Amino acid sequence: MLIFNNKADLNNYLQSISSATCTIGFVPTMGALHLGHLSLLEKSIENNNHTVISIFVNPTQFNNPEDLEKYPRTLDSDLEKIKTVSDKIIVYAPSVEDIYEGNTTSQHYDFDGIENQMEGKFRPGHFNGVATVVKRLFEIVKPTIAYFGEKDFQQLQIVKKLVSIENIPVTIVECPIYRESNGLAMSSRNERLSVAERANASIIFKTLIQAKALFATNSVKTVTDFVVNEFKKHPDFELEYFEIADEETLLSCGTKNENKNYRAFIAVFVNKIRLIDTISLK
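What follows is the structure, given as C-alpha cells:
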C-alpha cells in the first residue's frame with residue numbers, strides 16, 4: 001500500500017504508472033471507513049488497473065463548526081481496514097493546505113436547483129463545498145471511474161451535474177447502501193452513537209420501509225404524516241425532514257405521476273448526531 005500526503009508526489013507516481021490502456025478507479029472519502037467504503041474499493045479493484053482512495057475531512061462542506069470538530073478522524077485504523085481489501089491500493093491523505101493552498105473557500109455552482117433541496121435547505125453552502133473538493137480531487141487523481149454510495153443520493157446527483165458542467169472526463173458509478181444488521185445505513189457518524197443509540201436508530205430504516213409500502217396506495221401527504229407521527233413516538237429522535245422527491249430533479253412530490261420515479265429522503269438527529277437515509281419508492 002502506497003500512502004501519499006501531497007498531490008505533487010501522488011501526481012508523479014500516477015504519471016509513472018499511466019498508459020493508454022490503464023484505468024484508475026477512485027473512491028473519495030472523509031475517512032472513518034466502514035464496510036460501505038470497503039465495498040466501493042472492492043468494486044474499483046474489480047474493474048480497474050489501479051485504485052486510489054482519498055481520506056480528507058473537507059472543511060468547506062461543514063456549515064456547523066461543531067460537526068466539523070467532532071467528525072471522527074481515524075487514519076491509522078482506516079489504513080488497517082484498507083489493507084484487508086488489498087495491499088495494492090493507493091492512499092491519498094492530504095492536509096487542508098495541500099488541497100486548498102491557503103484559500104479554504106468554496107467555489108459557487110449552479111446545479112439547476114437540486115442544490116437547494118433537502119440537504120441544501122438545511123446545510124447552506126454544503127454542496128458548493130462538496131463540489132469544490134470533488135473537482136479538486138478529480139483534477140489531482142484524474143480517475144477513469146469514481147465510485148459513490150447511494151446513501152448520499154443528493155450528493156451523487158450533484159457530482160454527476162458537476163462532471164457535466166465542468167466537462168470532467170470521469171465515469172460516475174453509484175453503489176448500493178450498506179446497512180448494519182438492524183438496517184441502519186452505514187455512516188462514519190455512526191461511530192459517535194452509543195450502543196443503545198445505534199440499536200434504536202433502526203427506527204429510521206424501519207420507518208422508510210413502512211413509508212415505501214404506504215406510498216404504493218396512499219397520497220404523499222398520508223405517507224409524510226405517518227413518518228412525522230412515527231418520530232413523535234420516539235422523543236430521543238428529532239426528525240429534521242422527510243421528503244418524497246422526483247429522483248431526477250429532486251423536487252418535492254405533491255401529486256404522484258406514474259411516469260416518474262420517486263425516492264424518500266430523511267434526516268434525523270440522535271443526541272445532536274445527524275443521520276440521513278434514503279430509499280427508492282419504485
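Sequential numbering from 1 applies to the sequence shown in the numbering used here. Every residue gets a Cβ at the ideal spot worked out from N, C-alpha and C, and that includes glycine. This one's a predicted model, so the numbers in the text were calculated from it and none came from an experiment.
Unbroken beta strand (DSSP E) run spanning residue i, endpoints
| i | result |
| --- | --- |
| residue 109 | Here residue 109 belongs to no beta strand (DSSP E), and DSSP marks it neither H nor E. |
| residue 277 | 273-280 |
| residue 174 | 171-175 |
| residue 263 | 262-270 |
DSSP state of residue i mapped onto helix, strand, coil
| i | result |
| --- | --- |
| residue 236 | coil |
| residue 67 | helix |
| residue 34 | coil |
| residue 211 | helix |
| residue 56 | coil |
| residue 248 | coil |
| residue 132 | helix |
| residue 243 | strand |
| residue 256 | coil |
| residue 226 | helix |
| residue 39 | helix |
| residue 115 | helix |
| residue 47 | helix |
| residue 221 | helix |
| residue 231 | helix |
| residue 191 | helix |
Beta-carbon gap between residue i and residue j smaller than 9 Å
| i | j | result |
| --- | --- | --- |
| residue 358 | residue 230 | Beyond the ends of the chain as shown, which are 1 and 282, falls residue 358; an answer cannot be given. |
| residue 148 | residue 40 | yes |
| residue 31 | residue 60 | no |
| residue 248 | residue 269 | no |
| residue 85 | residue 145 | no |
| residue 135 | residue 168 | yes |
| residue 170 | residue 122 | no |
| residue 208 | residue 279 | yes |
| residue 24 | residue 143 | yes |
| residue 71 | residue 189 | yes |
| residue 186 | residue 88 | no |
| residue 82 | residue 33 | yes |
| residue 140 | residue 38 | no |
| residue 95 | residue 12 | no |
| residue 111 | residue 43 | no |
| residue 155 | residue 133 | no |
| residue 119 | residue 211 | no |
Integer-rounded CB distance, given that residue j should sit under 8 Å from residue i
| i | j | result |
| --- | --- | --- |
| residue 200 | residue 236 | 7 Å |
| residue 216 | residue 244 | In fact, because the Cβ distance is near 12 Å, the residues do not count as touching under 8 Å. |
| residue 57 | residue 3 | With a Cβ gap of about 16 Å, residue 57 and residue 3 do not count as contacting. |
| residue 250 | residue 114 | 5 Å |
| residue 55 | residue 76 | In fact, because the Cβ distance is near 11 Å, the residues do not count as touching under 8 Å. |
Extent of the continuous alpha helix (DSSP H) run through residue i
| i | result |
| --- | --- |
| residue 29 | Where residue 29 is concerned, there is no enclosing alpha helix (DSSP H), although the beta strand (DSSP E) it sits in stretches over 24-29. |
| residue 153 | 153-166 |
| residue 122 | 119-122 |
| residue 14 | 7-17 |
| residue 145 | Segment 145-149 is the beta strand (DSSP E) holding residue 145; no alpha helix (DSSP H) there. |
| residue 83 | 75-85 |
| residue 196 | 195-200 |
Sheet register partners of residue i (DSSP bridge)
| i | result |
| --- | --- |
| residue 286 | Summary: the structure shown does not reach residue 286, with the chain confined to residues 1 through 282, and so no result is reported for it. |
| residue 92 | 4, 54 |
Check: residue i C-beta below 8 Å from any heavy atom of the ligand NAD
| i | result |
| --- | --- |
| residue 130 | Questions concerning the ligand NAD fall outside what the structure shown contains, since it holds no ligand whatsoever. |
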